[in-house]
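Residue numbers (this note's numbering), protein chains in the order written: chain A, 536 to 832; chain B, 286 to 559.
Pasting the structure below:
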């Protein structure tokens with residue numbers, strides 16, 4: 536028989552055990568993620584060069600941001616990059632998944648092949664693509680000359696560098712998102728298609744009226760995750776172009792990194808990071824609302 | 286008139302050509318890296334698809350630059366993070382999936398909310414924090430902050446929720462303590478999720494660049510990615526060596542990926558976002 540008292544003791548024991556099991560992760564998340572974000576805000580209200588003591592200046596850093604045209608330009612570049620990258624990855628991986636699905640059995644083997652670049656690091660991928668994009672002696676320009684087209688500047692051209700980085704970044708993750716889409720497509724019962732085919736639907740209408748609405752959750756997930764990732768691009772920029780040529784790839788995170796680790800403006804860069812966080816947050820919320828409002832069901 | 290059989294045959298031929306072209310697009314950059322790594326430096330940019338002369342001078346140069354040390358650093362860091370993170374996350378996942386404790390909902394949502402914090406935002410305070418711990422230029426500074434990760438906790442919880450509770454009841458009747466249930470029932474059943482997260486954690490940490498770049502500026506503590514990135518912009522590094530070092534850096538992750546990719550795909554399917 537369990538009296539209320541013994542059940543209370545039991546409950547207390549479960550609590551103690553549960554929190555003991557959770558403790559390492561909870562402490563880790565608190566110290567290395569939750570506390571830093573509060574600290575980021577605190578530092579952003581100060582002027583600090585990491586050497587002399589912090590000086591409280593209130594919201595002055597945030598006011599500086601408003602008039603910092605270099606920052607707004609870098610945010611604009613991030614936005615262009617985001618549109619390019621998300622467009623490439625979303626359409627690329629969805630098309631690839633539909634293609635793999637139509638291949639039936641051999642699609643399974645090919646899936647692995649397209650997935651391989653995902654295991655390659657951003658640094659190595661950047662190295663490979665610097666090599667591919669090389670002005671005079673890269674494989675891409677070699678190929679263009681072979682088919683009789685003029686060579687391109689790619690990374691050395693201020694109008695092509697951002698797009699070139701987006702292509703190289705998309706190359707590493709299209710296979711991954713294709714696997715996500717493919718798993719969702721395979722979950723759709725074949726009977727849905729059979730019924731529509733009997734009604735005389737063609738492949739195009741099958742895709743738009745059955746496949747696309749039924750994989751909506753994955754689409755929304757990929758859309759939001761790739762957008763968040765695109766606003767945080769850094770490694771490729773640092774390795775491939777270092778912000779150049781002519782600042783044409785000076786995206787937001789790279790700008791923040793420079794303010795902090797090159798100009799030692801820790802307070803200002805924290806304020807910038809905080810603004811970026813708020814922007815990413817609202818973009819995601821907007822995407823979520825926008826895609827929900829459009830829901831079929 | 287085109288018969289349906291002929292139509293479907295030309296259709297599958299078109300698909301086969303398409304598939305081959307896609308394979309080339311996805312694999313050619315990797316092939317270019319491997320081929321260039323075994324060319325002599327004077328011929329790296331000759332655009333040949335098969336090297337005219339095979340030379341391992343790129344690998345020799347990379348070894349002279351102490352590549353093996355950076356390889357070891359990467360291996361130590363990625364393995365430690367993976368091992369410790371898996372233990373912690375499986376403990377948390379078990380508590381969240383199976384223990385009925387006060388504040389569970391709040392704790393779970395709080396953990397999930399940390400997923401929204403982008404690394405670029407906490408990078409600077411994290412650097413200050415790690416510096417104040419005296420962890421700059423040490424393995425600790427790279428390993429410890431990389432361990433807590435809401436995604437791993439979440440996936441362990443999702444996995445443990447699929448295990449039938451009858452097993453717990455049976456173990457309780459046999460006199461198992463709550464920890465005993467975790468240790469003897471749940472842990473042994475965790476292989477698929479553990480493998481899946483081991484692959485993703487190892488590859489993610491092996492490939493990590495920005496954080497090790499900031500924390501360990503001392504050369505002997507560099508990880509492979511930082512060392513390879515340092516080749517750029519230096520005119521004295523031969524490109525065959527850059528490609529050789531890159532190939533060496535890619536080998537472990539591609540090998541692990543090939544052996545264990547079925548777990549990754551299973552993990553993607555069960556992550557519940559479908």
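The beta-carbon is built from N, C-alpha and C at its ideal position, and this holds for glycine as well.
request  = Rounded to whole angstroms, what's the CA-CA distance from residue 439(B) to residue 432(B)? Just pull it up for me.
outcome  = Looking at the two C-alpha atoms, the distance is approximately 14 angstroms.
request  = Quick one: grab the DSSP three-state call for residue 591(A).
outcome  = In the structure shown, residue 591(A) sits in a strand (DSSP, three-state: E or B).
ask   = What did DSSP end up calling residue 643(A) once you bin it into helix, strand or coil?
value = In this structure, DSSP gives residue 643(A) a helical state, which the three-state scheme calls helix.
task = Indicate, with yes or no, if the ligand FMN has a heavy atom lying under 8 angstroms from the CB of residue 771(A).
result = Ligands in the displayed structure: none, and consequently the ligand FMN is not present.
message = With a threshold of 9 angstroms between beta carbons, is residue 389(B) in contact with chain A?
response = It does: the Cβ of residue 389(B) has a partner Cβ on chain A nearer than 9 angstroms.
Where the stretch 794 to 825 of chain A meets chain B: residues whose CB sits under 9 angstroms from a CB there = Listed by position along the chain: 795, 796, 801, 804, 805, 808, 809, 811, 812, 815, 816, 819.
For residue 581(A), the residue or residues it bridges with in DSSP = According to DSSP, which records beta bridges pairwise, residue 581(A) is partnered with 591(A).
query = Are residue 530(B) and residue 342(B) closer than 9 angstroms when you measure CB to CB?
reply = No, Cβ-Cβ distance for residue 530(B) and residue 342(B) is not below 9 angstroms.
message = Which residue wins for smallest C-alpha separation from residue 355(B), given the options 508(B), 533(B), 552(B)?
response = When only C-alpha atoms are compared, the closest one is 508(B).
key: Residue environment, residue 520(B), which counts as buried when at least 16 other CB atoms sit within 10 Å   = The residue is exposed, with fewer than 16 neighbouring Cβ atoms inside 10 Å.
message = Taking 8 angstroms as the limit between beta carbons, can you name the residues of its chain near residue 586(A), skipping five residues before and five after?
response = Same-chain partners within the cutoff: 799.
task = For the stretch 593 to 604 of chain A and the stretch 675 to 686 of chain A, state whether three or more C-beta atom pairs, one from each stretch, are separated by less than 8 angstroms.
result = Output reads no: the stretch 675 to 686 of chain A does not touch the stretch 593 to 604 of chain A.
request  = Determine the DSSP secondary structure at residue 799(A), reduced to helix, strand or coil.
outcome  = If DSSP states are grouped into helix, strand and coil, residue 799(A) belongs with coil.
query = Name the chain B residues whose beta carbon is nearer than 9 angstroms to that of residue 554(A)?
reply = Identification of chain B residues near residue 554(A) by a Cβ-Cβ cut-off of 9 angstroms yields 380, 386, 388, 392, ordered along the chain.
query = Name the chain A residues that come within less than 7 angstroms of residue 492(B), Cβ to Cβ?
reply = Near residue 492(B) (Cβ distances below 7 angstroms), the residues of chain A are 656, 657.
query = Hey, quick one: how far does the alpha helix (DSSP H) through residue 457(B) stretch, first residue to last?
reply = It spans 451 to 458 - the alpha helix (DSSP H) in which residue 457(B) sits, taken as one unbroken run.
task = Taking only runs that begin and end inside the stretch 702 to 734 of chain A, name each unbroken alpha helix (DSSP H) of 4 or more residues, in chain order.
result = Counting only runs of 4+ residues, the alpha helix (DSSP H) found wholly inside the stretch 702 to 734 of chain A occupies 725 to 733, in chain order.
task = Tell me whether the beta-carbon of residue 713(A) lies closer than 9 angstroms to the beta-carbon of residue 638(A).
result = At least 9 angstroms separates the beta-carbon of residue 713(A) from that of residue 638(A).
query = Taking the runs of the alpha helix (DSSP H) that are 4 residues or longer, which of them lie wholly in the stretch 412 to 478 of chain B?
reply = Segments of the alpha helix (DSSP H) lying fully in the stretch 412 to 478 of chain B: 424 to 431, 435 to 446, 451 to 458, 463 to 466.
ask   = In angstroms, rounded to a whole number, what distance separates the CA positions of residue 806(A) and residue 583(A)?
value = Distance between the alpha carbons of residue 806(A) and residue 583(A) is about 12 angstroms.
request  = List the endpoints of the continuous alpha helix (DSSP H) containing residue 604(A).
outcome  = Element bounds for residue 604(A): 604 to 637.
key: Presumed contact (8 angstroms Cβ cut-off) between residue 772(A) and residue 789(A), rounded CB distance   = For residue 772(A) against residue 789(A), the beta-carbon gap comes to about 5 angstroms, under 8 angstroms, which counts as contact.
ask   = So what's residue 563(A) in DSSP terms, helix, strand or just coil?
value = Here residue 563(A) sits in helix by DSSP.
inquiry  = My parser needs the beta strand (DSSP E) runs of 3 or more residues fully inside the stretch 338 to 421 of chain B; what are they?
reply    = DSSP runs (the beta strand (DSSP E)) wholly in the stretch 338 to 421 of chain B: none.
Own chain partners of residue 549(B) with C-beta closer than 8 angstroms, once the 5 adjacent residues on each side are dropped = 481, 484, 485, 542.
Reference residue 391(B); option with closest CA among 554(A), 581(A), 745(A) = Closest by alpha carbon: 554(A).
message = Would residue 350(B) pass as an interface residue toward chain A - the criterion being a Cβ-Cβ separation below 9 angstroms?
response = Chain A places no beta carbon closer than 9 angstroms to that of residue 350(B), leaving this residue out of the contacts.
query = Whose Cβ in chain B lies nearer than 7 angstroms to the Cβ of residue 550(A)?
reply = Neighbours of residue 550(A) on chain B, chain order: 386, 387.
inquiry  = Is the beta carbon of residue 464(B) closer than 9 angstroms to that of residue 319(B)?
reply    = Cβ atoms of residue 319(B) and residue 464(B): not closer than 9 angstroms.
query = Would a check of beta-carbon distances place residue 399(B) closer than 9 angstroms to chain A?
reply = With 9 angstroms as the cut-off, residue 399(B) counts as an interface residue toward chain A.
task = Pick helix, strand or coil for residue 523(B), following the three-state DSSP scheme.
result = In the structure shown, residue 523(B) sits in coil (DSSP, three-state: anything other than H, G, I, E or B).
query = Which residues mark the beginning and the end of the alpha helix (DSSP H) in which residue 662(A) is found?
reply = 657 to 668 is the extent of the alpha helix (DSSP H) around residue 662(A).
query = Do residue 651(A) and residue 539(B) have their C-beta atoms closer together than 9 angstroms?
reply = Contact flag set, yes.
request  = Using a threshold of 9 angstroms, state whether the C-beta atoms of residue 700(A) and residue 616(A) are closer than that.
outcome  = Yes. Within cutoff.
ask   = Are there 16 or more other CB atoms within 10 angstroms of the CB of residue 659(A), so buried, or fewer, so exposed?
value = Per the 10 Å Cβ criterion, buried.
task = With DSSP as the reference, label residue 830(A) as helix, strand or coil.
result = Caution applies to residue 830(A), whose pLDDT of 48 falls short of 50 and renders its modelled position unreliable; the value that the coordinates give is listed next. Looking at residue 830(A) - three-state DSSP - the assignment turns out to be coil, as it is neither helix nor strand.
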